[in-house]
Amino acid sequence: MAISFREFPWYIQALIFVALAVVLIGVGIFLPLSPVAAKRTAVAELHDQAAALDQQVAALEVYERRYAEFSQDVNALHKQLDTLQAIVPEDKQQDEFIRLLEGAAAASGVQLRSLTAQTVVPHQYHYEMPFLVTVDGPYFNVVDFFSRLSRLSRIINVQDLSLGAVDAAKGGKYPMRPGTSVSGTCIVVTFFTNPENFAGSPAAPPAPAASHPTPKTPAPAPGAVVD
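The working numbering puts the sequence shown at residues 200 to 426.
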C-alpha cells in the first residue's frame with residue numbers, strides 16, 4: 200500500500216526538504232551551464248588577475264622604495280656636472296676669466312701689467328685659451344699670486360714662466376711700486392668645451408695675383424722716323 204508524503208513524520212519531511220535543497224544547490228553550483236557556475240568562473244578569473252596585479256605592484260614597490268635613492272644619485276650627478284662646468288665651462292667666459300686673474304693679482308698685492316689673448320688651440324674634447332701675462336711685485340707676493348691661480352674654481356695652467364730681478368726692468372714703461380723685486384711673463388692657459396666658441400687663427404691673406412710683365416717697345420734705330 201502506497202504511503203502518502205504527508206503521512207511521514209514531520210522530521211522525515213524536513214529531512215527530505217533539506218536533501219532536495221542540497222541537491223538543487225549542488226546542481227546550480229556545479230552544472231557547467233548554470234549561471235552560478237559562470238559567475239564562479241568569472242570570479243576565479245578576477246582572482247587570477249588580482250594575483251597578477253599584486254605581483255606587478257610588489258615589483259614596482261621595490262622601485263618606489265628606491266626612488267629616494269635614485270633621486271639622491273641624480274642630484275649628486277647634477278652637482279658633479281655643475282662642478283665640472285665651473286672647472287671647464289662650455290663657453291669661453293673670457294671676461295669672467297680676466298676678472299678672476301685681476302682679483303687674484305689684487306689679493307696678492309702684485310701688478311698685472313698686461314694680459315694679451317693668444318690663439319685658441321683645439322684638442323679632441325676641449326680647447327685651450329692662452330693669455331700672455333706680464334706681472335711684477337714683491338717676490339713672495341708673486342709666489343702667492345700663482346698659488347691663488349691654482350685655487351681658483353676654473354682650471355688654469357701656467358707655462359713658460361720667466362722671472363727676473365726688477366733691476367733688469369728699470370727704464371721700462373711701467374713705474375714700479377716700492378718693494379717690487381721681480382718682474383716676469385708667463386702663459387696662463389684655461390679651457391672650454393663648446394666648439395661654437397672656438398676662434399681659430401685668422402685666415403691667411405689671399406696671395407697677390409701674379410703680375411705679368413709688360414712687353415717693352417724696342418727703341419727706334421738711330422735716324423728712324425717715329426710715327
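Even glycine gets a Cβ: it sits at the ideal position worked out from N, Cα and C.
Where residue i sits in the DSSP three-state scheme
i, result
"Ala409", "Unreliable positioning characterises Ala409 in this predicted model, as indicated by a pLDDT of 39, which lies under 50. A coordinate reading is not provided."
"Glu289", "coil"
"Gly383", "strand"
"Leu219", "helix"
"Pro321", "strand"
"Ala367", "With a pLDDT of only 49 at Ala367, under the threshold of 50, the placement of this residue in the model should not be trusted, and no figure is reported."
"Ser361", "strand"
"Pro374", "coil"
Nearest neighbour of residue i, chosen from the options [CA to CA]
i, options, result
"Pro394", "Val319, Asp294 and Gln248", "Val319"
"Phe339", "Ser352, Leu362 and Tyr210", "Leu362"
"Val332", "Arg347, Ala364, Gln310 and Gln323", "Gln310"
"Phe390", "Glu289, Ile297, Gln317 and Ser346", "Glu289"
"Tyr324", "Glu244, Ala251 and Thr392", "Thr392"
"Asp294", "Gln279, Ala316 and Ala275", "Ala316"
Cβ-based burial, residue i [other Cβ within 10 Å; buried from 16]
i, result
"Gln379", "Sequence check: residue 379 is Thr here, not Gln. It is buried - the Cβ of Thr379 has at least 16 other Cβ atoms within 10 Å."
"Leu300", "buried"
"Ser349", "exposed"
"His221", "The sequence as given places Val at residue 221; His does not occur at that position. Looking at its Cβ environment, which holds fewer than 16 other Cβ atoms inside 10 Å, Val221 is exposed."
"Lys238", "exposed"
"Lys278", "exposed"
Euclidean distance between Cα positions of residue i and residue j
i, j, result
"Leu314", "Tyr266", "50 Å"
"Leu269", "Val342", "According to the sequence shown, residue 269 is Phe rather than Leu. Those two C-alpha atoms are separated by around 45 Å."
"Gln358", "Val388", "8 Å"
"His322", "Tyr262", "42 Å"
"Leu219", "Ile211", "12 Å"
"Thr240", "Asp272", "48 Å"
"Ala306", "Glu260", "56 Å"
"Arg312", "Arg347", "17 Å"
"Ala304", "Arg376", "14 Å"
"Ala243", "Val217", "29 Å"
"Val256", "Ala249", "10 Å"
"Ala364", "Pro374", "15 Å"
"Ala367", "Leu276", "For Ala367, the predicted structure reports a pLDDT of 49, less than 50, and the residue's modelled location is therefore unreliable. A value from the coordinates is still provided. Each residue's alpha carbon lies about 52 Å from the other."
"Gln292", "Arg298", "10 Å"
"Thr282", "Val381", "35 Å"
"Ile215", "Ile224", "14 Å"
Beta-carbon separation (whole angstroms), residue i vs residue j, contact threshold 8 Å
i, j, result
"Ile286", "Ile386", "With 8 Å as the limit, Ile286 and Ile386 do not qualify as a contact, their Cβ atoms being about 19 Å apart."
"Gly302", "Gly336", "Between Gly336 and Gly302 the Cβ distance is about 15 Å, and since that is not below 8 Å, they are no contact."
"Gly383", "Leu351", "Not a contact, Cβ separation roughly 20 Å."
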